[in-house]
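See below for the structure under consideration.
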Amino acid sequence: METDYVEPELWYYLRRFAEEGVALRLITRLWGQRSITFTGHEHQLPITVDGDLETLDASALDALIIPSGMVSDRLRYSERVGELAPAVRFARAAFADPAVLKGVICHGMWLLSPIPEVVRGRRVTCHNNLIGDVRNMGAVFADQDVVVDGDLVTARSADHCHLFARTLIDLIAARADRTRRSVLERMARAT
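Going by full-length UniProt numbering, the letters in the sequence shown line up with residues 1 to 191, in that order.
Given below as structure tokens:
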């Protein structure tokens, strides 16, 4: 999370994922603070975030959602030229773990631009303004509202957040079902 988030998108996720029993945790770079309050883009609605991406292990997540709007542009800021921002390092760690489902919507691709290897050769969609960017990153642009490429789900814009969320929820549930079946099969073989 960061300032200039798209309010309808974020508020949709907060409600929709809760309906499915999925715990959604907002994280950001806290810069040594206990929490930070950000404001949305359109209505300047405040939201307080207390999850620190610098202390969280990306592999502990079932899924990582990189939202739309200016969030990614702000999160990819690094004080030192030549060093990756903490949020970019966090995203790289999530992409290194196939067990973590990655969701990137709209301008969220900006966060990945310093690490283009994570999308190189993969099918993605993005906001129309970023088509050239994703092609320059080596990704294969697909003119669709939502694209699934293995553990990566991308969506065109915040207007498609309902389709994006539905796809993520379905994939999280399918992964949980496979894990449960696998555990039951191991238990059955052990007895």
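We treat Cβ as the ideally placed atom computed from N, Cα and C, and that holds for glycine.
By DSSP, does residue i sit in helix, in strand, or in coil?
i: D4; result: coil
i: I131; result: helix
i: T37; result: strand
i: residue 192; result: A question about residue 192 goes unanswered here, because the residues of the chain that appear run from 1 up to 191.
i: V81; result: coil
i: A176; result: helix
Just to confirm, does residue i get its C-beta within under 7 Å of one of the non-hydrogen atoms of the ligand GDP?
i: N136; result: This structure lacks the ligand GDP, and indeed carries no ligand of any kind.
Going by the DSSP bridge assignment, what does residue i pair with across the sheet?
i: A87; result: According to DSSP, A87 bridges with nothing at all.
i: I115; result: Partner(s): none; I115 has no beta bridge.
i: A63; result: L101
i: L152; result: K102, D149
Apart from the five residues on each side of it in sequence, which residues of its chain come closer than 7 Å, Cβ to Cβ, to residue i?
i: R86; result: Checking the sequence shown, residue 86 turns out to be Pro, not Arg. Excluding sequence neighbours, P86 sits near R29, L53, E54.
i: V88; result: R76, L111, P114, I115
Within the same chain, show all residues whose beta-carbon is closer than 6 Å to that of residue i, passing over the 5 residues directly before and after it, in chain order.
i: L130; result: M109
i: T37; result: P46, T48
i: D145; result: R156, H160, L163
i: V140; result: R123
Residue i and residue j look like a contact to me (Cβ under 8 Å); what is the Cβ gap, rounded to whole Å?
i: L101; j: D151; result: 6 Å
i: G138; j: R120; result: 3 Å
Please go through the same chain and pick out, in chain order, the residues whose beta-carbon is closer than 8 Å to the beta-carbon of residue i, but skip the five residues on each side of it.
i: A18; result: L24
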